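Undergrad:
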Amino acid sequence: MFSLRISHKLMAMVAITVLAFSITQFYAQMVESQNAKSLQRLESRLYPILEMTTENVGSVLLMEQQFNSAVTTGDEQSIEQASAYYQTIKQNIAQINKLAPELKTSQKTLENLLDSWTNKSIEISKGFIDGTVDFSTIATDAAKNAQVLEQLKEAMERMRTNVRSEFTQAITSTIDSSAEANRLTLIIAFIAISGLVVASVFIGKSITSNIKTVSSNLHEMATGKGDLTVRIQYSGKDEIGELVTNFNQFVAKLHSAFADISEDIEGLSRVSSQLTEASCENSSQSEAQNTAISDLRRSIEELMASVNEVAEFAETAATQTADAKQAADLGKQTLNTSVQTITALADEINQAAGIVNKFESFSNDVGNLLDTIQNVAEQTNLLALNAAIEAARAGEHGRGFAVVADEVRELAVRTRQATEEIHTVIGELRDVSSNAVYAMQHSVEKANSGVEATNKSGEVLNSILSNVDVITSVNSQIAAATHQQSMTFAHIMDNVTSIHANTEQLSLTTSKVDSVTEDTVDITAALRSLSSQFKV
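Numbering (the UniProt record's numbering), first residue to last: 1 to 536.
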């Protein structure tokens, strides 16, 4: 037991625990399975049978009461109620035969007794109700039927007692099995705990003894004078033995390492001195380089500012040129629209002049028609005058005709006056149309002059647009060139910034190297002091 490994000892304790737990669980599962089967049997078989047998006993008593009631009261419904109880008992017997086939024999006997008693009771009851009962034999038949009833009751009570006894025995067996399982579980748990306690005591003593041995040797090494040639002595084969072996190997490596360190400390001291000198030189060179890069950076920044100003001027010129081109395009469009409008206006004026000329011709035609109408009016006036004279000659018979002649003459007078007024208006319209034709011809000449001037203005605008396109192209080239220069200077600035950052980082690194060099010198001194404390 004491030569085993610590892990094996602990695994043995775990194995004891697992074994005890497995045994208790197996036995508990077995008892639980048996109890489950017993309870299943109680639930699905014994309890329903007990319930039905109890119901059968009660139903027989109720049937007896119904038959007695039928005999005493002559009520046929009592017989029907007894028959219903009879059917209930028959159904229960059939159900019991399904649940417990081994009871078929006793159930058959019980069923025969039930049939015999029921049929005889119905016969006697109906005899009393119908009045056909034979009083000479009724006493004997009733006594025999009462004996059959007693046998039936005894059989049913016996069956109920047997089923109740089996039911009680199953419950008692289940309770006893559970109690036995609990007792066995407690016994196994007590044995397992006792075994674990004993094993723990022995294993604890073994581990404690080995640890004390190793601890004593380590204490001797720790309180010594740094003698790395001393080793721990331990003969055990457990994990503590492996620990001691590995520790002895570690001490051996320390012995070798300290021996090498003692030899390398002097070389490290020389390298530290050389590194300090080189670091100082790098610091001075880094400062000079940093100053030069700072000057270069300022120069590039000034140059970039100038290039950016040129780029801004070029962009402003491009914007103004674009605006001028847009205004010129708009002016050209406006001139084209004006030319089209003036040309259309001249055409419309020519058309209007033609219409006015036609109006003068129409006025002449209307004047001729008016002359004709005026002649007709004068002739009508003469005819009306002659008609009035003839009416005056006719006396009373011509008075109505005279009135009509006067009306016609007045109408002729008004017609002549109207034609004279129309002549006057047409003369004025002819004068106005002549003036309008002259004004329109003058407007057409002015419109043609405006078209020529507008066309010349369009040619000038085309020339301006061509020059604006050239200026725009030049501005675009200038903007592209300045943008490219800005990108180039920005790239140069980024590189200079990166170089400046690298230089500063180099300065920081040099400072760190100085610090590390100083630390190396200090560490070398500390190592020299430390190595002198060990015996190698």
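Think of the CB as a built atom: it goes at the ideal place given N, C-alpha and C, for glycine as much as any other residue. On a predicted model such as this, the values are computed, not experimentally measured, just so you know.
In the region 6-61, which residue ranges form an unbroken alpha helix (DSSP H) of at least 4 residues, counting only runs that do not cross its ends?
TA: Listed in chain order, they are 6-41.
Undergrad: With a Cβ-Cβ cutoff of 7 Å, do His500 and Ile293 count as a contact?
TA: The answer is yes: Cβ separation under 7 Å.
Undergrad: When burial is assigned at 16 or more other CB atoms within 10 Å of the CB, is Val244 buried or exposed?
TA: Buried is the call here.
Undergrad: Beta carbon of Ile342, beta carbon of Gly450: below 7 Å?
TA: A contact, by the Cβ cut-off of 7 Å.
Undergrad: Give the secondary structure of Gly427 by DSSP, where H, G and I count as helix, E and B as strand, and everything else as coil.
TA: Of the three classes helix, strand and coil, the one that applies to Gly427 here is helix, per DSSP.
Undergrad: Between the region 96-104 and the region 137-153, do three or more beta carbon pairs fall short of 8 Å?
TA: Output reads no: the region 137-153 does not touch the region 96-104.
Undergrad: Under the three-state reduction of DSSP, which class applies to Phe2: helix, strand or coil?
TA: In this prediction, Phe2 scores a pLDDT of 49, lower than 50, which makes its location untrustworthy; no coordinate-derived value is stated.
Undergrad: When the Cβ atoms of the region 159-177 are set against those of the region 31-45, are three or more pairs found closer than 8 Å?
TA: Yes: the two stretches touch, three or more of their Cβ pairs being nearer than 8 Å.
Undergrad: Which two residues bound the contiguous alpha helix (DSSP H) that contains Leu99?
TA: Run containing Leu99: Glu76 to Leu99, per the alpha helix (DSSP H) assignment.
Undergrad: Let me know the secondary structure DSSP gives Gln477 once reduced to three states.
TA: Three-state result, Gln477: helix.
Undergrad: Under a Cβ-count criterion, where at least 16 other Cβ atoms within 10 Å of its own Cβ denotes burial, should Arg183 be classed as buried or exposed?
TA: Exposed, since its Cβ has fewer than 16 Cβ neighbours within 10 Å.
Undergrad: Please classify Ser299 as buried or exposed, where buried requires at least 16 neighbouring CB atoms within 10 angstroms.
TA: Ser299 comes out exposed.
Undergrad: Could you spell out the range, first to last residue, of the alpha helix (DSSP H) harbouring Thr118?
TA: Element bounds for Thr118: Lys104 to Asp130.
Undergrad: Between the C-alpha atoms of Tyr47 and Phe167, what's the straight-line distance to the nearest angstrom?
TA: In a straight line, the C-alpha of Tyr47 is about 7 Å away from that of Phe167.
Undergrad: Can you round the beta-carbon distance between Asn145 and Lys126 to whole angstroms, since I take them to be within the 8 Å contact cut?
TA: The pair is not a contact, with the Cβ atoms about 14 Å apart (cut-off 8 Å).
Undergrad: State the Cα-Cα distance for the pair Asn455 and Val339, rounded to the nearest angstrom.
TA: Those two C-alpha atoms are separated by around 7 Å.
Undergrad: Should Ile89 be labelled buried (16 or more other beta-carbon atoms within 10 Å of its own) or exposed?
TA: Under this definition Ile89 is a buried residue.
Undergrad: Distance, Cα to Cα, His8 vs Ser216?
TA: If I take the Cα positions, the gap works out to 25 Å.
Undergrad: I'd like the list of long-range same chain contacts for Asn162, defined as Cβ closer than 7 Å, with 5 residues on each side in sequence excluded.
TA: Same-chain partners within the cutoff: there are none.
Undergrad: Out of Ala324, Ala288 and Leu296, point me to the one whose CA is closest to Asp494's CA.
TA: Among Ala324, Ala288 and Leu296, the Cα nearest to that of Asp494 is on Leu296.
Undergrad: Between Thr276 and Ala481, what straight-line distance do the alpha-carbon atoms span, to the nearest angstrom?
TA: Each residue's Cα considered, the two are about 51 Å apart.
Undergrad: To the nearest whole angstrom, what separates the beta carbons of Ala384 and Val408, a pair I think is in contact under 8 Å?
TA: Yes, Ala384 and Val408 are in contact; Cβ-Cβ is about 4 Å, under 8 Å.
Undergrad: Spatial neighbours of Gly92 within its chain, please: C-beta separation below 7 Å, excluding the five flanking residues on both sides.
TA: In the sequence as displayed, the identity of residue 92 is Asn instead of Gly. Same-chain partners within the cutoff: Met52, Glu55 and Asn56.
Undergrad: Pick from Thr24, Asp115, Ser273 and Lys212: whose alpha carbon is nearest that of Ile188?
TA: For Ile188, the nearest C-alpha among the options comes from Thr24.
Undergrad: Roughly how many angstroms lie between the CA atoms of Ile492 and Glu281, to the nearest whole one?
TA: Cα to Cα, Ile492 sits roughly 29 Å from Glu281.
Undergrad: Tell me the rounded alpha-carbon separation between Val14 and Phe21.
TA: Val14 and Phe21: Cα-Cα distance of roughly 10 Å.
Undergrad: Please list, in chain order, all residues of the same chain as Leu395 whose beta carbon is under 6 Å from its beta carbon, the five residues on each side excluded.
TA: Looking at the sequence provided, one finds Gly at residue 395 rather than Leu. Result list for Gly395: empty, nothing under 6 Å.
Undergrad: Would you mind giving the Cβ-Cβ distance between Arg416 and Gln374, rounded to the nearest angstrom? I have them listed as a contact below 8 Å.
TA: Indeed, because the Cβ distance is near 6 Å, the residues count as touching under 8 Å.
Undergrad: Quick one: Cα of Leu382 to Cα of Thr419, how far?
TA: The alpha-carbon atoms of Leu382 and Thr419 are separated by roughly 17 Å.
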